[in-house]
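Visitor: Note that our numbering has the sequence shown beginning at 215, numbered continuously upward. Sending over a structure as structure tokens; questions will come in a sec.
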Amino acid sequence: MHEGLEGKGAREERRNAMGGDVWRVFPEGFLWGAATSSHQVEGNNVNNDWWDWEQLPGKVAHGDKSGDACDQYNRYRQDFEMARDLGHNAHRLSLEWSRIEPEEGRFDQGAIEHYRDVLGTLKSLGIATMVTLHHFTNPRWLAAKGGWLRPEVVGLFERYSRHVAVELGDLVDLWVTINEPMVYATQSFLFGVWPPEKKSVVLAFRVAKNLAKAHGRAYHAIHELLEARGMRPLVGIAKNMMVFDPKRPESRWDRAVASKIDRIFNKSFLDALTTGVMAFPLVRRETDPKLAGTQDFIGVNYYSRTLVGFNIRKPQTLFIDMAVKEDVEKNNLGWEIYPKGIYRILMSVKEYGLPVYITENGIATTDDKQRERFLVSHLREVASAIADGVDVRGYFHWSLVDNFEWKEGFTPRFGLVEVDYKTQARIVRPSARLYSEIIRTGSLPQEHLQ
Ligand code: GAL
Numbered sequence: 215m216h217e218g219l220e221g222k223g224a225r226e227e228r229r230n231a232m233g234g235d236v237w238r239v240f241p242e243g244f245l246w247g248a249a250t251s252s253h254q255v256e257g258n259n260v261n262n263d264w265w266d267w268e269q270l271p272g273k274v275a276h277g278d279k280s281g282d283a284c285d286q287y288n289r290y291r292q293d294f295e296m297a298r299d300l301g302h303n304a305h306r307l308s309l310e311w312s313r314i315e316p317e318e319g320r321f322d323q324g325a326i327e328h329y330r331d332v333l334g335t336l337k338s339l340g341i342a343t344m345v346t347l348h349h350f351t352n353p354r355w356l357a358a359k360g361g362w363l364r365p366e367v368v369g370l371f372e373r374y375s376r377h378v379a380v381e382l383g384d385l386v387d388l389w390v391t392i393n394e395p396m397v398y399a400t401q402s403f404l405f406g407v408w409p410p411e412k413k414s415v416v417l418a419f420r421v422a423k424n425l426a427k428a429h430g431r432a433y434h435a436i437h438e439l440l441e442a443r444g445m446r447p448l449v450g451i452a453k454n455m456m457v458f459d460p461k462r463p464e465s466r467w468d469r470a471v472a473s474k475i476d477r478i479f480n481k482s483f484l485d486a487l488t489t490g491v492m493a494f495p496l497v498r499r500e501t502d503p504k505l506a507g508t509q510d511f512i513g514v515n516y517y518s519r520t521l522v523g524f525n526i527r528k529p530q531t532l533f534i535d536m537a538v539k540e541d542v543e544k545n546n547l548g549w550e551i552y553p554k555g556i557y558r559i560l561m562s563v564k565e566y567g568l569p570v571y572i573t574e575n576g577i578a579t580t581d582d583k584q585r586e587r588f589l590v591s592h593l594r595e596v597a598s599a600i601a602d603g604v605d606v607r608g609y610f611h612w613s614l615v616d617n618f619e620w621k622e623g624f625t626p627r628f629g630l631v632e633v634d635y636k637t638q639a640r641i642v643r644p645s646a647r648l649y650s651e652i653i654r655t656g657s658l659p660q661e662h663l664q
């Protein structure tokens, strides 16, 4: 196992050795890297539900289609060497289920060989691997049979996870079963803005329950298969965590809905994986004792804050209105830049008593100076949370390279490295160099803290 899994005591000592100057110092063995997902970077994932959806007019901004994306399916070595040159010691990526199992029950050995090479390349460069099994996309055959709405998906996901554990398990340091379950459930089944465009609270939480069950089954399968081979896998999810504050802080109703939505969106899924009790609004509460304790770490994806207000005319969204705060700095997608939020979120997951990895954090911007400020201000808050006792063991910036931002297409620029989509050239941004310097020194540069 890589050395990111350093004990608490060692960090404690290190903090003391720094004479109290704790907020800008990261622990030895901290994992530093960037995150991506298959559909957003690989290109030509022609066998999944997103691919089909993108071909329909009006679905993705500017008529963009993922197409070749960053062509990382072919250019991974070059991209990983670049990450290594930038000092990254870890990398998060996802496997494309539709490549590994292109037809129900038929597993493709070529895809496995490809991912063995991808992960082997990372390992040979000295980069620890964090592997996501599901990052929003589904094989076409699965979508056609009802996807995550159907109870069968749980067993199908377990079978896929088993196959991956057997074939690739020796090359994986950290496992993320599901990326952002609540984002997937709400975008695709409540707000209906992603495929399959359903708009129902009941369906959204039915999906959330299936995601929780599928995670639980995969968690045990990975542990069982790899422990039998003498390995000690670490398995979790990547949970999108959003700060919800009341629109009108003086309103008791707004405060009540803000805390309610925080519980539902941020905590109910983590709670299910902690206690085994799946308690989601409007769907039957279920308990599965085997789901309890199925996280070895908590993966936190943090981007922004939303203000929430009570609105009697919105039963379809549980009487909740959402808005972005006015007069604040925003990214190119209109999301508030709120560094304090990452501190608040980290403090809020302390209750689970598990190690934490920041599995995503980043900014869509064409102003790289803004990305530099984002990086430093957020890492400063991460350092504060570490100093205040949160066991944070790694940070994965979203993203290594610009990529296909789902419904928003190619316009948002999240990369530390720019991609020229016409030529597939990679252009390292100054923010990537700054990140590299932070990694090298394990601290935040004084001049950027002003
Ligand atoms: C996350 C998601 C990523 C990426 C990022 C930026 O919700 O996991 O795939 O798109 O947001 O919006």
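Positions of the beta carbon are idealized from the N, C-alpha and C atoms, including for glycine. Just so it is clear, the structure is predicted and the values come from calculations on it, not from any experiment.
(1) Which term fits serine 405, buried or exposed, when burial requires 16 or more other beta carbons within 10 angstroms of its beta carbon?
(2) List in chain order: all unbroken alpha helix (DSSP H) runs of 4+ residues lying wholly within the segment 245 to 277.
(3) Find out if the Cβ-Cβ distance for the pair threonine 351, tryptophan 264 is shorter than 7 Å.
(4) When burial is assigned at 16 or more other CB atoms within 10 Å of the CB, is glycine 218 buried or exposed?
(5) Looking at the unbroken beta strand (DSSP E) that takes in alanine 342, where does it start and where does it end?
(6) Should serine 280 go down as buried or exposed, given a rule of 16 or more other Cβ atoms within 10 Å for buried?
(7) Any idea what DSSP makes of proline 353, helix, strand or coil?
(8) Tell me, please, whether the segment 455 to 475 touches the segment 523 to 534 by the rule of three or more beta-carbon pairs shorter than 8 Å.
(9) Tell me where the alpha helix (DSSP H) around lysine 423 begins and ends.
(10) How about asparagine 687: is its Cβ closer than 6 Å to a heavy atom in the ligand GAL?
(11) Whether or not the segment 373 to 387 and the segment 430 to 437 are in contact is what I'm after, with contact meaning three or more pairs of Cβ atoms, one per stretch, closer than 8 Å; do they touch?
(12) Let me know if glycine 603 comes out buried or exposed under the rule of 16 or more other beta-carbons within 10 Å of its beta-carbon.
(13) Could you tell me how far apart the beta carbons of glutamine 617 and threonine 573 are, in whole angstroms, since I believe they sit closer than 8 Å?
(14) What does the Cβ neighbour count give for leucine 417, buried or exposed, with the cut at 16 atoms within 10 Å?
(15) Find the nearest neighbour of aspartate 387 within the set Phe321, Gln660 and Arg306, judged by alpha-carbon distance.
(16) Where does proline 495 sit, in a helix, a strand or coil, going by DSSP?
(17) Does DSSP put glutamate 464 in a helix, in a strand, or in coil?
(18) Based on DSSP bridge pairs, tell me the residues matched to histidine 611.
(19) Excluding the 5 residues preceding and the 5 following phenylalanine 419 in the sequence, name in chain order all residues of the same chain whose CB lies nearer than 8 Å to its CB.
(20) Take methionine 455 and list the residues in its own chain whose beta-carbon comes closer than 8 Å to its own, dropping the five residues that flank it on each side.
(21) Classify glutamate 315 as buried or exposed, calling it buried when 16 or more other Cβ atoms lie within 10 Å of its own Cβ.
(22) Alpha carbon to alpha carbon, how far is glutamate 242 from valine 397? Give it in angstroms, no decimals.
(23) Taking C-alpha atoms, which residue in Phe483, Gly450 and Asn259 lies nearest to asparagine 288?
(24) Mind checking whether the beta-carbon of glutamate 550 lies closer than 6 Å to any heavy atom of the ligand GAL?
(25) Compare the beta carbon distance of valine 570 and isoleucine 512 with 7 Å and say whether it is the shorter of the two.
(26) Would the beta-carbon of asparagine 176 be found less than 6 Å away from any heavy atom of the ligand GAL?
(27) Closest to glutamate 393 by CA distance: which of Asn424, His348, Lys359 and Ala428 is it?
(28) Alpha carbons only, please: which of Gly360, Phe371, Trp467 and Arg298 is nearest the one belonging to leucine 339?
(29) Please specify which runs of the beta strand (DSSP E), each continuous and at least 3 residues long, are wholly inside the segment 507 to 574, giving them in chain order.
(30) Would you mind working out which of Thr489, Val596 and Ser518 sits nearest asparagine 504, comparing C-alpha positions?
(31) Just verifying my parser: in three-state terms, what is the DSSP assignment at valine 449?
(32) Under 6 Å from any heavy atom of the ligand GAL, does the C-beta of tryptophan 612 make it?
(33) Considering only C-alpha positions, which residue in the set Tyr374, Ala426 and Gly277 is nearest to glutamate 619?
(34) Do you know offhand how far glutamate 227's Cα is from isoleucine 478's?
(35) Are there any heavy atoms of the ligand GAL lying less than 6 Å away from the beta-carbon of serine 251, as far as the coordinates show?
(36) Can you tell me which of Phe628, His611 and Lys621 puts its alpha carbon nearest to the alpha carbon of aspartate 581?
Guide: Taking the geometry as given:
(1) Strictly speaking, residue 405 in this sequence is phenylalanine, with serine absent from that position. Phenylalanine 405 should be labelled exposed.
(2) 252 to 255 and 263 to 268
(3) yes
(4) Low per-residue confidence applies at glycine 218: pLDDT is 39, beneath 50, and the placement is therefore not dependable, though the value from the model is reported in the following sentence. Buried: at least 16 other Cβ atoms inside 10 Å.
(5) Looking at the DSSP string, the run of the beta strand (DSSP E) that includes alanine 342 is 342 to 348.
(6) buried
(7) strand
(8) yes
(9) 415 to 441
(10) Nothing in the structure corresponds to residue 687, since the chain is present only between 215 and 664.
(11) The segment 430 to 437 makes contact with the segment 373 to 387; the number of CB pairs closer than 8 Å reaches 3 or more.
(12) exposed
(13) Residue identity check: residue 617 is asparagine in the sequence provided, not glutamine. Contact doesn't hold; Cβ gap of about 16 Å is too wide.
(14) buried
(15) Arg306
(16) coil
(17) coil
(18) Histidine 611 is bridged by DSSP to Ala248.
(19) Ala399, Phe494, Pro495, Leu496 and Val497
(20) Within the same chain, methionine 455 has close Cβ partners Asn480, Val514, Asn515, Tyr516, Ile559, Ser562 and Val563.
(21) buried
(22) 33 Å
(23) Asn259
(24) no
(25) Against a cut-off of 7 Å, the Cβ pair of isoleucine 512 and valine 570 comes out as a contact.
(26) An answer regarding residue 176 cannot be provided, because it is not within the stretch 215 to 664 covered by the chain.
(27) The sequence given here has asparagine at residue 393, not glutamate. Here the closest residue by C-alpha is His348.
(28) Arg298
(29) 512 to 524, 534 to 537 and 570 to 574, all fully within the segment 507 to 574.
(30) Position check: residue 504 holds lysine in this sequence, whereas asparagine was assumed. Lysine 504 has its Cα closest to that of Thr489, out of Thr489, Val596 and Ser518.
(31) Looking at valine 449 - three-state DSSP - the assignment turns out to be strand.
(32) yes
(33) Gly277
(34) With a pLDDT of 47 at glutamate 227, under the threshold of 50, the modelled position of that residue is not reliable, and no figure is offered here.
(35) yes
(36) Phe628
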